[in-house]
Every structure is written in structure tokens, then in C-alpha cells.
Amino acid sequence: MRNRVTDACARALACCGFTRRRHGILLQPEHGWLDLRLSDEGTSVVAEPVVGVRHRPVEKILVATAGWDEPVACVTLPVGGRWVFPAGGDLVAVADELAEVVVVRGQPFIDRWADWAALRREIGGLLPEATRFFLLPAVALADGDRDRARALIAEESARLVARDDKYAVAYRDYARRFTRLARGDV
Numbered sequence: 001m002r003n004r005v006t007d008a009c010a011r012a013l014a015c016c017g018f019t020r021r022r023h024g025i026l027l028q029p030e031h032g033w034l035d036l037r038l039s040d041e042g043t044s045v046v047a048e049p050v051v052g053v054r055h056r057p058v059e060k061i062l063v064a065t066a067g068w069d070e071p072v073a074c075v076t077l078p079v080g081g082r083w084v085f086p087a088g089g090d091l092v093a094v095a096d097e098l099a100e101v102v103v104v105r106g107q108p109f110i111d112r113w114a115d116w117a118a119l120r121r122e123i124g125g126l127l128p129e130a131t132r133f134f135l136l137p138a139v140a141l142a143d144g145d146r147d148r149a150r151a152l153i154a155e156e157s158a159r160l161v162a163r164d165d166k167y168a169v170a171y172r173d174y175a176r177r178f179t180r181l182a183r184g185d186v
């Protein structure tokens, strides 16, 4: 059922250049990213979509250093709303409603943050705390500012020095790989 929902949404969003990447993920050719955030509810599938913006240089850095799976969105926005795709129901009609909201609310977000200059200038205020110090150094490095990238890594590493929780351990691993990449050792 989730595959049928993903396919219906991909067809409805083809007008914006979205194509199916993998289960629940649709991509535009350059920057647009859409996670349908599918879940099961009885015999229905529910979509609570989130749009995002990819920048390939940042994505490559995060895949190599943080171990994230591509596609990686630099910034995201829940489009708001919840679409229920009932088993045996008209998936096309529901997908068309979802697509309309993505076009009206999500596409302007994608268009705005697809601009690299705007993104690198304002990204600090757009990121959730959980990903801020992964993305900020990656954006700085992708922009060619190795010193800023290393300074951001050092700042977060210093803040985490006495911590041993899951985030701190993951960040130290990321910082080690990132530092090697930034030096050109990888």
C-alpha cells in the first residue's frame, strides 16, 4: 500500500519535477526533496509530508563524515496537514490534494533555499539543535571556508568534552572523520 501511495504522489507531483527516489522519498532534479513521512493507520496509509532542500556538496560531506544516508536535506519544512490514503479508496484524489499543498507551501520554500548564497548566509537560524553542528561545518566546508568549518567542529567538540551520551559519541566520530576530510586526508 505504501508503494502505491508513493507512486500516486509521484505522479501528482510530476508537474514540479518530483520523481520517486525510494520508499516515501521524492526528489527534484537539483534541490527539491520530499519525505512523505508515511505511517500505517489500520488499513490506511497516512502522509505527513516534509519538504527540504538538498545541496549536493553538503550531502556528499555528510554522507562521508556523519554516515548519513542520501538524500540529505540541508533544511526542511513540514508542509502542514495529514493526508489519509484509505485502502481501496481513491489514492489519486488524495495525492492531488497533497500535491496542491506541496506546490503552494513547499515549492516556495525549496525555491528560496535552493539559492546557495541565501542558504549559507542564513542557515544558522534554520537548523534544529540536533543537526546544527553537523550541518554548519559541512556548509562552511562546501563553501570553501575550511577555517570556519574546523572552528565550528572545535566549538561543539569542546562543549561535549565531558559528555558520553549517544549524541556526544556520534559527534566525536563525525568530528574525527570531518577533520580528516577538511585536511584533505581522505
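UniProt numbering puts the first residue of the sequence shown at 1, with every later residue one more than the last. Ideal Cβ positions, reconstructed from N, Cα and C, are used throughout, including at glycine. Here the structure is a predicted model, which is why all the values come from computation and not from measurement.
In the DSSP assignment, find the beta strand (DSSP E) that holds residue i and state where it starts and stops.
| i | result |
| --- | --- |
| Thr76 | 75-78 |
| Val53 | 50-53 |
Measure the Cβ-Cβ separation of residue i and residue j and say whether it is below 8 Å.
| i | j | result |
| --- | --- | --- |
| Asp40 | Pro49 | no |
| Gly24 | Arg2 | yes |
| Leu152 | Ile61 | no |
| Arg105 | Val75 | no |
| Pro71 | Arg21 | yes |
| Ala175 | Arg146 | no |
Classify residue i as buried or exposed, calling it buried when 16 or more other Cβ atoms lie within 10 Å of its own Cβ.
| i | result |
| --- | --- |
| Glu97 | exposed |
| Gly52 | buried |
| Gly32 | buried |
| Glu156 | buried |
| Arg171 | Note that residue 171 is Tyr in the sequence shown, not Arg. So Tyr171 ends up on the buried side. |
If you follow the alpha helix (DSSP H) that residue i is in, where does it begin and where does it stop?
| i | result |
| --- | --- |
| Trp83 | From DSSP, Trp83 is part of no alpha helix (DSSP H) but of the beta strand (DSSP E) over 83-85. |
| Val63 | 56-65 |
| Arg183 | 166-183 |
| Leu152 | 146-159 |
Counting only runs of 3+ residues fully inside the stretch 6-45, write out the beta strand (DSSP E) ranges in chain order. Positions of the beta strand (DSSP E) runs, each at least 3 residues long and wholly inside the stretch 6-45, are given as 19-22, 25-27, 32-35, 38-41 in order along the chain.
Enumerated in chain order, which unbroken segments of the beta strand (DSSP E) with a length of 3 residues or greater are wholly contained in the stretch 81-121? Whole beta strand (DSSP E) segments, 3+ residues: 83-85.
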